[in-house]
Each structure stands twice: as C-alpha cells, then as structure tokens.
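Asks: This is the structure I have questions about; it appears just below.
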Amino acid sequence: MTDNIQTITPTAIADPTAARPVHIQYGDVKMDLPRLDDSANLPTSVIIVGLTAVSRGWKNLTQEEKINFMATILTYLVREYPLIERELDTKSGDKIADIGRIIDAWAQAGKTDPKA
0 MTDNIQTITP TAIADPTAAR PVHIQYGDVK MDLPRLDDSA NLPTSVIIVG LTAVSRGWKN
60 LTQEEKINFM ATILTYLVRE YPLIERELDT KSGDKIADIG RIIDAWAQAG KTDPKA
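Per numbering that gives the first Met the number 0, numbering of the sequence shown is gapless, rising by one per residue and ending at 115.
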C-alpha cells in the first residue's frame, strides 16, 4: 500500500506595510487592530469564532456561543494589549458591555458588520 501525501505550501506572507489597521482607544489604551476581514493578520482563534458568528448570524448563536465569541476576543485583546485588563477593571462600570462596544467599534472601523 502506498501512502498518497498531499503537500500544501502556505501562501506567501502578505506585505505588513499593506495592512490597514483599525485604530481604537479604550480609556488610555490605544490599539492598532487588524481589520476583521484581514485573515493574514488575524489570529486563527479570532477567525474561528468570527466565521461561526458570520455563518450562523449573531442572533442565531446560542448564549454559550456568544460567550465563547466574547471570551476569544477578550483573550486576544488582553494578550496583545495587557493594559486593557487594568482599564476594564478600573474604569468600566459594565465590562461585558464595554467589551461589546470595543468589538462593535472594531467592526465598524474595519467596515465589517459585527452581527452579520
């Protein structure tokens, strides 16, 4: 028996100067985020939850799926911008609402509908 191995070569890494980041400021934290439609610069975890939300529609997601989406985005933001956690902890009256506002601003600035 012969094994047929298919080799797939990764696409070329895009020119980083061609990326058009989204600029968002939350409190004192200034963020340069990749556009939500820029798969070359988004982490895979954000692409996964984004595709789930887009394919099913935000209103059709279960509560658990919505929480998973928010948790994934928050994990990414805290990893990339550690000071955002302190901003949320010290300045937010409603952390979940503020995370939602950040995601909405991110989607709007990147010309992507967050609830598509």
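Even glycine gets a Cβ: it sits at the ideal position worked out from N, Cα and C.
Values in this document were obtained by computation on a predicted structure and should not be read as measured data.
Indicate the three-state DSSP secondary structure (helix, strand or coil) for residue 32 in the structure shown.
Replies: Position 33 of the sequence shown, counted from the first residue, corresponds to residue 32. Three-state result, residue 32: strand.
Asks: For the alpha helix (DSSP H) holding residue 72, just list the boundary residues, first then last.
Replies: Position 73 of the sequence shown, counting from 1, holds the residue named residue 72. It spans 62-79 - the alpha helix (DSSP H) in which residue 72 sits, taken as one unbroken run.
Asks: Are the Cβ atoms of residue 42 and residue 80 separated by less than 7 Å?
Replies: Walking along the sequence shown from the start, residue 42 turns up at place 43. Walking along the sequence shown from the start, residue 80 turns up at place 81. No.
Asks: Taking all protein chains shown into account, decide if residue 45 is buried (16 or more other Cβ within 10 angstroms of its Cβ) or exposed.
Replies: What you label residue 45 is simply residue 46 of the sequence shown in a count that begins at 1. The residue is buried, with at least 16 neighbouring Cβ atoms inside 10 Å.
Asks: So, does the stretch 22-29 touch the stretch 101-110, judging by three or more C-beta pairs under 8 Å?
Replies: A contact is defined here as three or more CB-CB pairs under 8 Å, and the stretch 22-29 meets this definition with respect to the stretch 101-110.
Asks: Going by Cα to Cα distance, which pick from 95, 91, 54 and 11 is closest to residue 71?
Replies: What you label residue 71 is simply residue 72 of the sequence shown in a count that begins at 1. Checked all of 95, 91, 54 and 11; the closest Cα to residue 71 is 95.
Asks: Between residue 40 and the rest of its own chain, which residues show a CB-CB distance below 7 Å, the 5 nearest in sequence each way excluded?
Replies: Here residue 40 refers to the residue found at position 41 when the sequence shown is read from its first residue. Taken in chain order, the residues that qualify are 18 and 33.
Asks: To which residues of the same chain is residue 77 closer than 8 Å at the C-beta, ignoring the five residues directly before and after it?
Replies: By 1-based counting over the sequence shown, the position of residue 77 is 78. Within the same chain, residue 77 has close Cβ partners 83 and 84.
Asks: Of the choices 59, 92, 8 and 13, whose alpha-carbon is the least far from that of residue 37?
Replies: The sequence position of residue 37 within the sequence shown is 38, counting from 1. Of the listed residues, the one whose Cα sits closest to residue 37 is 13.
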